[in-house]
Amino acid sequence: MKIAEKIKQAYRTLGLAERTELPQGASEQEEVKRAYRKLSLKYHPDRQHGKSSAEKKEAEAKMKEINHANDILTGITELKEKVKKGIWEALARAEFTQTEFENMMRETQQRKPELRETAELYIDFPSKIDGLNNADEILNYYEKFLKMVTACYQDKLNSNLEDLKNNQPKSVFEEYMEENEE
């Protein structure tokens, strides 16, 4: 079953209007949360006292469906947020602001045309992640992003090292010798 069909089925299970996209804004996420709570209260095993074993089994099966639907609609959203947070943390550890990283990606595109497509993936990454609706795609993107950050950080370190080599300050001894030559 395609992801769009799974999402549509999840909305159906929760009794919401069918859509093929995950909840986008806070209001849609709240709508999913309310529907989930309402159905959970109705089908939760603790609420099945005094019912026949067949009714209890039916409620248990329905509760599994409800939980699965909620996981589909909220789990991917939570994964996206965790990945975005992880990306920001990786950029911070590499001492990049988002702007610096995007500039470095643009420079990479210019220097190495074969990396153009890859670099374009990582410019404006928050909206790129929002466009993904599959956990494997999101985690794959994250893994590639971390590799790209690592490569850029290595370039930054190499560049800083070259700057240090080319612009080494004079030692106290060298300054002393220059002053005393005159």
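Counting in the numbering used here, the sequence shown runs from 176 upward without gaps. The beta-carbon is built from N, C-alpha and C at its ideal position, and this holds for glycine as well. As the structure is a prediction and not an experimental result, all values here were calculated from the model.
Simplified DSSP assignment, three categories, for residue i
| i | result |
| --- | --- |
| R194 | coil |
| A267 | helix |
| T325 | helix |
| K255 | helix |
| K303 | helix |
| S202 | helix |
| T272 | coil |
| Q285 | helix |
| L189 | coil |
| G261 | helix |
| G250 | helix |
| Q223 | coil |
Proximal residues to residue i (C-beta, below 7 Å), its chain only, five neighbours per side dropped
| i | result |
| --- | --- |
| E235 | P220 |
| A210 | L189, G190 and L191 |
| A244 | A185, T188 and L189 |
Where the alpha helix (DSSP H) through residue i begins and ends
| i | result |
| --- | --- |
| S228 | S228 to N245 |
CB contact below 9 Å: residue i versus chain B
| i | result |
| --- | --- |
| Y317 | Absence of chain B from the displayed structure is noted, only one protein chain being present. |
Same chain only: Cβ atoms within 6 Å of residue i, ignoring 5 sequence neighbours per side
| i | result |
| --- | --- |
| A265 | L321 and V324 |
| R194 | Y186 |
Cutoff 8 Å; reference residue i; Cβ partners in own chain excluding five residues on either side
| i | result |
| --- | --- |
| P198 | Q204, E206, V207, L248, T249 and T252 |
When you compare the stretch 257 to 268 with the stretch 320 to 329, are there three or more beta-carbon pairs, one atom per stretch, that lie closer than 8 Å? yes
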